[in-house]
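For reference, the structure is listed below as structure tokens.
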Amino acid sequence: MSNLVSVIVPNYNHAQYLDIRLKSILAQTYTDFEIIILDDNSIDNSKEIIKRYEKDVHISHIICNKTNSGSPFIQWNRGFQYAKGDLIWIAESDDCCEPTFLENVVAEFERNSNLSFAFSRSIKIDENGNKGNILQPMFASDVRLNGKEFNMKFLIWGNKVWNASSVVFRKSNALTVNKQYMDFRGAGDWLFWIEMAEKGDVAVISEPLNYYRIYSKNTTNFMRMNGMEDVEDKKIYDFIISNYHLSLINKVRLQKCFIYKILYENKYTTADVCKESLRLWKPSLFLKLLAYVSHLKYDKR
Numbered sequence: 001m002s003n004l005v006s007v008i009v010p011n012y013n014h015a016q017y018l019d020i021r022l023k024s025i026l027a028q029t030y031t032d033f034e035i036i037i038l039d040d041n042s043i044d045n046s047k048e049i050i051k052r053y054e055k056d057v058h059i060s061h062i063i064c065n066k067t068n069s070g071s072p073f074i075q076w077n078r079g080f081q082y083a084k085g086d087l088i089w090i091a092e093s094d095d096c097c098e099p100t101f102l103e104n105v106v107a108e109f110e111r112n113s114n115l116s117f118a119f120s121r122s123i124k125i126d127e128n129g130n131k132g133n134i135l136q137p138m139f140a141s142d143v144r145l146n147g148k149e150f151n152m153k154f155l156i157w158g159n160k161v162w163n164a165s166s167v168v169f170r171k172s173n174a175l176t177v178n179k180q181y182m183d184f185r186g187a188g189d190w191l192f193w194i195e196m197a198e199k200g201d202v203a204v205i206s207e208p209l210n211y212y213r214i215y216s217k218n219t220t221n222f223m224r225m226n227g228m229e230d231v232e233d234k235k236i237y238d239f240i241i242s243n244y245h246l247s248l249i250n251k252v253r254l255q256k257c258f259i260y261k262i263l264y265e266n267k268y269t270t271a272d273v274c275k276e277s278l279r280l281w282k283p284s285l286f287l288k289l290l291a292y293v294s295h296l297k298y299d300k301r
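If you read the sequence shown in full-length UniProt numbering, its first letter stands for residue 1, the second for the next number, and so on.
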């Protein structure tokens, strides 16, 4: 007996990509799924595109908000309430995937009844659909781990999932996680995956089956450039420190990761935004030095 997958498509002003997204879902070789479209009061022509699909047999719900929710994770949770399937896929409206995505990921749940979530690696694409690098080199081979071990090895060090569109997860677990992730605008998925991993096993498919669209106007880049990502990262860091017993060395390593990102990776709108992020973290001279050493090391590669 196959597992019904509830495909939640949260959309906000992604008319440019929405048709591509929906076509990639309907082209799946695994066909036991429903589609729940959630439009968050888009002001582009998204509703016109959605209307083209309203009679498709896979469409179970189309919900258009009259006011914007303010957070994609509020939309996630709303979709959970409508989902009929035991499994959920958040198919973000500006991404797309290979036709075999669901077939391969759902197979992991058929192998393991204790699986909380499974995901594939992603390939970066730009606003025009041009392919870039295969992401997540740490998953060059398939991974199947107890969720607590997965957290300690991967997720406390950063959101190694990268893109929600690459994940299928168990609805029963999602309904019982702490709703704190809904208070975030950008990094709520990272907290959500940490919580979900605590509820079962995690599987990673090394074959890249998901296309993650990274471009200047997407939410992640917007939040990074304005320093909002650093604020949310600090909240998740505090959560990790409060809930996981890390050695002093690992606490320093984790702090260094964030300081390195602020000093050498992020591109901010102004220098003042960078300064404000550093004030939030209050890094010691020692931490700045560690970040600088990492910068020299990575810069030579």
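Idealized CB from N, CA, C, for every residue including glycine.
| Check | Outcome |
| --- | --- |
| Apart from the five residues just before and just after Ala266, which ones in its own chain have a Cβ nearer than 6 Å to its Cβ? | The displayed chain sequence assigns Asn, not Ala, to residue 266. Cβ neighbours of Asn266 beyond the five flanking positions: Arg224. |
| Counting along the chain, where does the alpha helix (DSSP H) carrying Arg52 start and finish? | Ser46 to Arg52 |
| Bridge partners of Trp89, per DSSP? | Val7 and Val168 |
| Based on the DSSP output, what are the partners of Val202 in its beta bridges? | Phe117 and Leu145 |
| Three-state secondary structure (DSSP) at Pro99? | coil |
| Could you give the distance in angstroms between the alpha-carbon of Asn114 and the alpha-carbon of Gly200? | 6 Å |
| Return the Cβ separation of Asn226 and Thr269 in integer angstroms, given the expectation that the two are a contact with Cβ distance under 8 Å. | 6 Å |
| For the pair the stretch 85-93 and the stretch 166-173, tell me if three or more CB-CB distances fall below 8 Å. | yes |
| What residue does the alpha helix (DSSP H) around Phe222 start on, and which one ends it? | Thr219 to Met225 |
| Go through its chain and collect everything with a Cβ distance to Ile134's Cβ below 7 Å, but skip five positions before and after it. | Arg121, Ile123 and Pro208 |
| Quick one: is Arg301 buried, meaning 16 or more other Cβ sit within 10 Å of its Cβ, or exposed? | Unreliable positioning characterises Arg301 in this predicted model, as indicated by a pLDDT of 46, which lies under 50. The coordinate reading is nonetheless provided below. With fewer than 16 Cβ atoms within 10 Å of its Cβ, Arg301 is classed as exposed. |
| Consult DSSP for Ile240 and reduce its assignment to one of helix, strand or coil. | helix |
| What whole-angstrom Cβ distance do Ile20 and Ile59 have, given they're in contact under 8 Å? | Not confirmed; about 17 Å, so no contact. |
| Exposed or buried, Asp233, counting other C-beta atoms within 10 Å across all chains shown (16 or more means buried)? | buried |
| Report buried or exposed for Phe109, applying the criterion of at least 16 other Cβ atoms within 10 angstroms of its Cβ. | buried |
| How far does the beta strand (DSSP E) with residue 305 in it extend, from its first residue to its last? | Since the first residue shown for the chain is 1 and the last is 301, residue 305 is missing from the structure and cannot be characterised. |
| In the DSSP output, which residue or residues are listed as bridge partners for Asn130? | Paired residue(s): none; Asn130 is not in a bridge. |
| For Ser285, which option in Ala107, Ala118 and Ile259 has the closest C-alpha, if you only look at C-alpha atoms? | The residue asked about is misnamed: residue 285 is Leu in this sequence, not Ser. With distances taken between Cα atoms, Leu285 lies closest to Ile259. |
| Where does Ile20 sit, in a helix, a strand or coil, going by DSSP? | helix |
| Among residues of its own chain, excluding the 5 on either side of Thr219, which ones have a beta-carbon nearer than 8 Å to its beta-carbon? | Pro72, Arg185 and Gly186 |
| Just the C-alpha distance for Ala164 and Asp56, rounded to the nearest angstrom, thanks. | 24 Å |
| Using the C-alpha atoms, what's the distance from Leu246 back to Asp238? | 12 Å |
| How big is the Cα-Cα spacing for residue 302 and Cys257? | An answer regarding residue 302 cannot be provided, because it is not within the stretch 1 to 301 covered by the chain. |
| In terms of alpha-carbon separation, which member of Tyr17, Leu248 and Val106 lies closest to Asp44? | Tyr17 |
| Pick from Pro137, Arg253, Asn146 and Tyr181: whose alpha carbon is nearest that of Lys160? | Pro137 |
| Would you grab the beta carbon distance between Tyr212 and Trp162 for me? Rounded to a whole angstrom, and I think it's under 8 Å. | 6 Å |
| If you compare alpha carbons, which of Lys23, Ala27 and Ile249 is closest to Leu287? | Ile249 |
| In whole angstroms, what separates the C-alpha of Tyr215 from that of Gln75? | 22 Å |
| Please identify the residue among Leu38, Asp95, Met228 and Ala140 whose C-alpha is closest to the C-alpha of residue 322. | The structure shown does not extend to residue 322, since the chain is modelled only from 1 to 301, so the question has no answer here. |
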